[in-house]
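Chemist: Take the position in the sequence shown, starting the count at 1, then add 762; the result is the number in this note's numbering. Where is the CB? At the ideal position from N, CA and C, for every residue including glycine.
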Amino acid sequence: SKKAHDQFLADLASILPSNTTPLIVSDAGFKVPWYKSVEKLGWYWLSRVRGKVQYADLGAENWKPISNLHDMSSSHSKTLGYKRLTKSNPISCQILLYKSRSKGRKNQRSTRTHCHHPSPKIYSASAKEPWILATNLPVEIRTPKQLVNI
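1. Within the continuous alpha helix (DSSP H) that includes Ser-854, where are the two ends?
2. Which partner residues of Pro-827 appear in the DSSP bridge assignment?
3. Under the rule that 16 or more other beta-carbon atoms within 10 Å means buried, what is Pro-827, buried or exposed?
4. Asn-898 and Tyr-797 - do their beta-carbons sit closer together than 9 Å?
5. Ser-809 by DSSP, collapsed to three states: which one?
6. If you run the structure through DSSP and keep just helix, strand and coil, what is Leu-847?
7. Suppose contacts are defined by Cβ-Cβ distances below 9 Å. Is Leu-859 in contact with Trp-893 by that definition?
8. In the DSSP output, what is Leu-785 paired with across the bridge?
Next up, the structure:
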């Protein structure tokens with residue numbers, strides 16, 4: 763909940779030295795209200811974006827699903843520059859793309875026992891999905907490659 767998130771950030775702020783500016787890294791479960799709470803403290807955030815999120819160019823209403831960016835991703839991280847994220851509660855941020863190379867892993871579940879559990883397929887598809895990252899960190903501070911490696 764937003765209340766719990768804000769309390770967590772307040773507790774974190776109380777123990778961090780006042781002259782530090784942290785980079786809060788979060789996964790796709792955190793959304794725009796979280797990013798705005800982090801920004802309100804003058805901090806930076808970096809988060810993975812996936813699902814039914816939409817994006818648009820700054821100053822435009824050309825909203826498109828974030829999944830449209832999957833085909834543009836490669837094993838070389840790159841930035842798309844600043845875009846707006848989420849149509850219902852827009853926030854301006856830098857969008858980064860990265861797709862790791864396949865690790866060639868195989869399903870190790872036994873087929874002899876007729877154990878056709880769906881989870882390996884789900885996990886495999888998730889692992890192959892490119893990373894779409896969003897951040898308010900200026901491009902001058904960290905390169906796309908440095909951000910992906912965090």
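Modeler: So, from the listed chains and residues:
1. Indexing the sequence shown from 1 puts residue 854 at position 92. Not the alpha helix (DSSP H): Ser-854 falls in the beta strand (DSSP E), residues 853-860.
2. As a position in the sequence shown, residue 827 is number 65, starting the count at 1. According to DSSP, Pro-827 bridges with Gln-816.
3. Along the sequence shown, one-based indexing puts residue 827 at 65. Classification for Pro-827: exposed.
4. The residue labelled residue 797 in the question sits at position 35 within the sequence shown. The residue labelled residue 898 in the question sits at position 136 within the sequence shown. In contact: Tyr-797 and Asn-898 (Cβ atoms closer than 9 Å).
5. Looking up residue 809 in the sequence shown gives position 47. Note: Ser-809 maps to strand in three-state DSSP.
6. Against the sequence shown, residue 847 aligns to sequence position 85. DSSP places Leu-847 in strand when its eight states are reduced to three.
7. Numbered from its first residue, the sequence shown carries residue 859 at position 97. Numbered from its first residue, the sequence shown carries residue 893 at position 131. At a Cβ-Cβ threshold of 9 Å, Leu-859 and Trp-893 count as neighbours.
8. If you number the sequence shown from 1, residue 785 lands on position 23. Answer is Tyr-806, bridged to Leu-785.
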